[in-house]
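Encoded as C-alpha cells, the structure appears first; notes follow it.
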Amino acid sequence: MILIGLGANLAGPWGNAVQTLNTAIETLRQDRLRVENYSSFYVSTPYGGVSQPDYVNAVVRLSGPLPPDALMKKLHVIERSAGRRRGRRWGARVLDLDLLDWHGIVRNPSGQATGQAPGRAGGRSPGHIALTLPHPGLALRPFVLAPIAEIAPGWRHPLLNLSAAELLVRLKPARGGRILRRL
Numbered sequence: 146m147i148l149i150g151l152g153a154n155l156a157g158p159w160g161n162a163v164q165t166l167n168t169a170i171e172t173l174r175q176d177r178l179r180v181e182n183y184s185s186f187y188v189s190t191p192y193g194g195v196s197q198p199d200y201v202n203a204v205v206r207l208s209g210p211l212p213p214d215a216l217m218k219k220l221h222v223i224e225r226s227a228g229r230r231r232g233r234r235w236g237a238r239v240l241d242l243d244l245l246d247w248h249g250i251v252r253n254p255s256g257q258a259t260g261q262a263p264g265r266a267g268g269r270s271p272g273h274i275a276l277t278l279p280h281p282g283l284a285l286r287p288f289v290l291a292p293i294a295e296i297a298p299g300w301r302h303p304l305l306n307l308s309a310a311e312l313l314v315r316l317k318p319a320r321g322g323r324i325l326r327r328l
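Counting in our numbering, the sequence shown runs from 146 upward without gaps.
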C-alpha cells in the first residue's frame, strides 16, 4: 500500500484548495498509478506555527510499480504543475504532496532501506531526493492520521506498529494541524 498526503491552503492555476486537491488526485491516476481510494477532505489549522489560512487535507491510497524515489519526483512535478514554488518551511502552499508510506518499508535519508528487494531505491545518485519512509511527521499529524484511519483502517505504522486510529488517540491536543471539520 502506498499512502500520499495532500494539502493546500492557497488558490492556484487549478482553482481553490478543494479544486486543486481534486485535480491532483486525477493527475495521480496517470503514469501507471492506480488510485485505490481517497479520503474525505478535512479542514485543519496550519502546522508549524506560521500564520496562514487553514488547510484542506486528504490522503490517497495508491498502487503501482514506481519505486519511492521515482514516485517522489512525480509528486514534485505535480506540485509544480499546480503552481507550487518551494519556499518557507511550513508556509502557505498551493499544493503539498507527501509520500507517507511506501509498502511499509523503513528507509532513512541516507538511502538505506530495509524490507525491500536488493537494488530497488538503494544508493544515492546525482539528483537523489533524500527520502525518509515512513514520513517522519506522520505519527504526529491528525490531518494525516484521520484520513488514513478513514481509508486504510488496517494500516499500521511501519516503525510503531500502531494503527492510525491508535496513533490519533495518543496525540496530545496541539495548536497546529488540528482538524476543524470534514468537508
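Ideal Cβ placement from N, Cα and C applies to all residues, glycine included.
Quick one, which of the options has its alpha-carbon nearest residue i's?
{"i": "Ile324", "options": "Asn167, Pro191, Arg179, Gln164", "result": "Pro191"}
{"i": "Pro287", "options": "Pro158, Ala237, Ser308", "result": "Ser308"}
{"i": "Gly249", "options": "Lys317, Ile293, Val188, His302", "result": "His302"}
{"i": "Ile371", "options": "Asn253, Gly209, Asp199", "result": "Residue coverage of the chain in this structure runs from 146 to 328, which leaves residue 371 outside it and unanswerable."}
{"i": "Asn306", "options": "Ser185, Val251, Arg327", "result": "Val251"}
{"i": "Gly282", "options": "Ile296, Tyr187, Pro298, Leu304", "result": "Leu304"}
{"i": "Arg326", "options": "Pro292, Trp300, Ala297, Ile296", "result": "Pro292"}
Just reading off the alpha helix (DSSP H) that residue i is part of, what are its end residues?
{"i": "Leu220", "result": "213–226"}
{"i": "Val239", "result": "No alpha helix (DSSP H) holds Val239; DSSP gives it neither H nor E."}
{"i": "Ala294", "result": "287–296"}
Assuming residue i and residue j form a contact by the criterion Cβ under 8 Å, report the distance between their Cβ atoms to the nearest whole angstrom.
{"i": "Met217", "j": "Leu276", "result": "6 Å"}
{"i": "Asp241", "j": "Gly152", "result": "4 Å"}
{"i": "Leu245", "j": "Leu220", "result": "In fact, because the Cβ distance is near 11 Å, the residues do not count as touching under 8 Å."}
Residue range of the beta strand (DSSP E) that residue i falls in?
{"i": "Ala309", "result": "First-last for Ala309: 309–315, but that is the alpha helix (DSSP H), not the beta strand (DSSP E)."}
{"i": "Ile149", "result": "147–153"}
{"i": "Arg301", "result": "Looking at the DSSP string, Arg301 is not in any beta strand (DSSP E), and its letter there is neither H nor E."}
{"i": "Asn202", "result": "200–208"}
{"i": "Leu278", "result": "Note, Leu278: premise wrong, no beta strand (DSSP E); not H, not E."}
{"i": "Ile324", "result": "324–327"}
Using a Cβ-Cβ cutoff of less than 8 Å, which residues in the same chain neighbour residue i once the five nearest sequence positions on both sides are dropped?
{"i": "Ala294", "result": "Ser308, Ala309, Ala310, Leu313"}
{"i": "Leu316", "result": "Leu285, Pro287, Leu290"}
{"i": "Ala223", "result": "Correcting the residue identity first, residue 223 is Ile in this sequence and not Ala. Excluding sequence neighbours, Ile223 sits near Ala169, Thr172, Leu173, Leu240, Leu242."}
{"i": "Leu211", "result": "Asp176, Arg177, Leu178, Lys219"}
{"i": "Asn154", "result": "Ala162, Pro191, Gln197, Pro198, Asp199, Tyr200, Val201, Ala237, Arg238"}
{"i": "Arg229", "result": "Gly157, Arg238, Val239, Leu240, Asp241"}
{"i": "Leu328", "result": "Val163, Ser185, Phe186, Tyr187, Val188, Val201"}
Short of 6 Å in beta carbon distance, which residues of its chain neighbour residue i, apart from the five on each side in sequence? Order them along the chain.
{"i": "Ala227", "result": "Gly157, Trp159, Thr165, Val239, Leu240"}
*Which full runs of the alpha helix (DSSP H) of 4+ residues lie inside the region 153–195, going along the chain?*
162–173
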